[in-house]
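Everything in the sequence shown is counted per this note's numbering, starting at 537 for the first residue and increasing by one. Ideal Cβ positions, reconstructed from N, Cα and C, are used throughout, including at glycine. Since the model is a prediction, treat every value here as computed from it, not as a measurement. Right, one structure below, let's go through it.
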Amino acid sequence: FNEIAAAYKTDHPNVTEIKFDPIPFESYTTTLTTQIAGGNGPDLAWVLESSAPDFVSSGALVPLDGYDTADLVPSATKLWQKDGKLFAYPFSTSPFGVFVNTDLLKAAGQPAPSELIAQGKWTWDTVIAAASAVNAKTGKAGLVVRDFDYKSWDNLSTVWTGWGAQAWSADGKTCGFNQQPMIDAMTFLHKAIFTDKALPGPGTTADFFAGEAGMTITQISRASLLKDGKFGWDLVPLPAGPKGKYAVIGQAGLGALKKGKNSAAAADFLAYFTNAANSEKLAAYFPPPRKSQLTAATLAKTNPLLKPEQLQQVVIEGISTGVVKPSHSGQAEISQATRAALDPLWKADANVKGVLDGVCASINPLLAK
């Protein structure tokens, strides 16, 4: 980031400083909105996919009128557009995949995912069976949905999308938690946690990258944590669900804030920061939303740890076919209400349908706002 900023300042002597301020993920959106409300918000901000509807519809962002969008993938820009205008650049468009500790799977007598994929058997049933075997035979965790921790429920969309389930309808008006696809997905997940012991239960943590789990669902940007790999590993697409193959993307946009003290300069720097040349440099950390750069050859240059077929299957196909994690206007309130209403689900004797009815009862009034 600083290298790109330094090059920009060389050509723009009127810009004397560009400072990047990191904020912890857990409190990111709350911190940002508090800063904006207090009149001391940044000029340029990262916006998580969950807050996209609020930021895009509220007029908080400067429309990026001069931005050349011809090379951008439509599935990546969809969330950041309104009335034909782009309000944020889809800076991070990162598909979820499954990282696999092949040593642990072997120790548990399980076939390698690459073999299962070749046989058309990479499905949720085989994944849970393998995860359960890893836990039973090695004592390590089977499968970890990274960053879920029984709190960040939207990360479970990486599972339930395989059942065709949705948190709410595309227009955001109808709750999907108590509809059959979600009931089926959550019943499957509940059994996987409490009966099969395939996922660590509430209050138990396991870090895949420290060798503590057989598999983890996370974004490909985490591959960098494996550079001193102490174990054999693979990266494969999400397993097929009853509804077939699917992909899920996590996104963050980069937008210039209207209330920023230097909004015009910020929008200009944004265009430079994300241009084709810089997008290629950043591709090691953030898969580019550019058609011209979504090739295994381009991505391999900046992702030396990943093989071309991993990049093709997980990243390129994921970005072109994936659905983005759930988002809605008023997301913060909806998210809290959903998390609280889902709490009773994380007990061995939970009534799955009863809990999911309760989620809809809690969030219906918020969806209607």
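In this structure, the alpha-carbon of Asp885 lies about 54 angstroms from that of Lys797. In this structure Val598 is buried. Its beta-carbon is surrounded by 16 or more other beta-carbon atoms within 10 angstroms. Pairing Pro558 with Trp660 gives a Cβ-Cβ distance that is not under 8 angstroms. Ranking Pro578, Thr566, Leu641 and Ala665 by CA distance to the CA of Asp770 puts Leu641 first. Taken in chain order, the complete alpha helix (DSSP H) segments of 4 or more residues contained in the stretch 668-752 are 693-696 and 716-730. As far as DSSP is concerned, Phe805 takes part in no beta bridge. Here Ala666 carries a helix assignment [DSSP, helix/strand/coil].
The C-beta distance from Leu584 to Tyr564 rounds to 7 angstroms, short enough to meet the 8 angstroms contact threshold.
Remark: three or more beta-carbon pairs, one from each stretch, lie closer than 8 angstroms, so the stretch 723-732 and the stretch 880-898 are flagged as touching.
The C-beta distance from Thr629 to Pro862 rounds to 16 angstroms, too long to fall under 8 angstroms, and the pair is not in contact.
Excluding sequence positions up to five before and after Lys794, its CB lies within less than 8 angstroms of the CB of Gly595, Ala596, Leu597 and Val598, all in the same chain and listed in chain order.
Contact check for Ala759 against Leu841 passes: the beta carbons are separated by less than 8 angstroms. Linking Lys817 to Thr838 through their CA atoms gives a straight-line distance of about 7 angstroms. Per the C-alpha coordinates, the member of Lys614, Ser650, Phe730 and Lys676 positioned closest to Ala643 is Lys676. Nearest neighbour of Val772 by Cα position, chosen from Ile852, Ala746 and Phe635, turns out to be Phe635.
Around the CB of Phe767, fewer than 16 other CB atoms lie within 10 Å, so the residue is classed as exposed. Annotation for Phe745: Leu761 place their beta carbon closer than 6 angstroms to its own, counting only its chain and skipping 5 residues before and after. The beta-carbon separation of Ser593 and Ser871, rounded to 17 angstroms, does not stay under the 8 angstroms limit for a contact. Under the DSSP assignment, Asn637 falls in the beta strand (DSSP E) whose first and last residues are Tyr625 to Asn637.
Going by beta carbons, Val784 and Thr697 fall inside the 8 angstroms limit. Secondary structure note for Ile756: it is in no beta strand (DSSP E), with a DSSP letter that is neither H nor E. Under the three-state reduction of DSSP, Ile852 is assigned to helix. Remark: three or more beta-carbon pairs, one from each stretch, lie closer than 8 angstroms, so the stretch 731-741 and the stretch 660-670 are flagged as touching. Collapsing the DSSP output to three states places Lys618 in a strand.
Residue range Val888 to Leu903 is occupied by the alpha helix (DSSP H) that includes Gly894.
As DSSP reads the structure, Ile870 sits in no beta bridge. Under the three-pair Cβ rule at 8 angstroms, the stretch 827-834 does not count as touching the stretch 611-620. A contact is defined here as three or more CB-CB pairs under 8 angstroms, and the stretch 708-725 meets this definition with respect to the stretch 886-897.
The alpha-carbon of Thr552 is positioned some 27 angstroms away from that of Tyr821. Here Thr754 is buried: its Cβ has 16 or more other Cβ atoms, across all protein chains shown, within 10 Å.
It is roughly 5 angstroms from the alpha-carbon of Pro589 to the alpha-carbon of Ser865. The Cβ-Cβ distance between Gly789 and Ala624 falls below 8 angstroms. Counted as a single uninterrupted DSSP element, the beta strand (DSSP E) harbouring Leu580 occupies residues Leu580 to Leu584.
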